[in-house]
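In what follows, a structure is listed as structure tokens, so that the remarks can point back to it.
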Amino acid sequence: MFKLVTWNIQSGRSPDGATEIDRIIACLDRFCRFDMLCVQEVSTWPDG
29 MFKLVTWNIQ
39 SGRSPDGATE
49 IDRIIACLDR
59 FCRFDMLCVQ
69 EVSTWPDG
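In the numbering used here, the protein residues as written are 29 to 76.
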């Protein structure tokens with residue numbers, strides 16, 4: 029069975045305010061197995 033997951037990542041910010049899209053995607057991969065992941069509100073911001 030094909031599994032499609034969609035998730036709103038709210039601009040890719042972690043709870044501490046850093047932009048860590050890779051960390052968020054890894055967390056989603058541990059949360060559930062999927063064949064295709066669609067993320068919403070993907071953005072990168074300069075850390076500063």
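Note that the Cβ used here is the ideal one computed from N, Cα and C, for glycine as well.
Helix, strand or coil at residue i according to DSSP, with G and I counted as helix
i: Cys-66; result: strand
i: Arg-58; result: helix
Alpha-carbon spacing of residue i relative to residue j, whole angstroms
i: Arg-61; j: Glu-69; result: 21 Å
i: Thr-34; j: Asp-44; result: 23 Å
i: Ser-66; j: Leu-32; result: The sequence given here places Cys at residue 66; Ser does not occur at that position. Cα to Cα, Cys-66 sits roughly 8 Å from Leu-32.
i: Glu-48; j: Gln-38; result: 11 Å
Near the ligand SAM: residue i beta-carbon under 6 Å from a heavy atom
i: Phe-59; result: With respect to the ligand SAM, the structure offers nothing, as it holds no ligand at all.
Which residues DSSP lists as bridging residue i, in chain order
i: Arg-41; result: Thr-47
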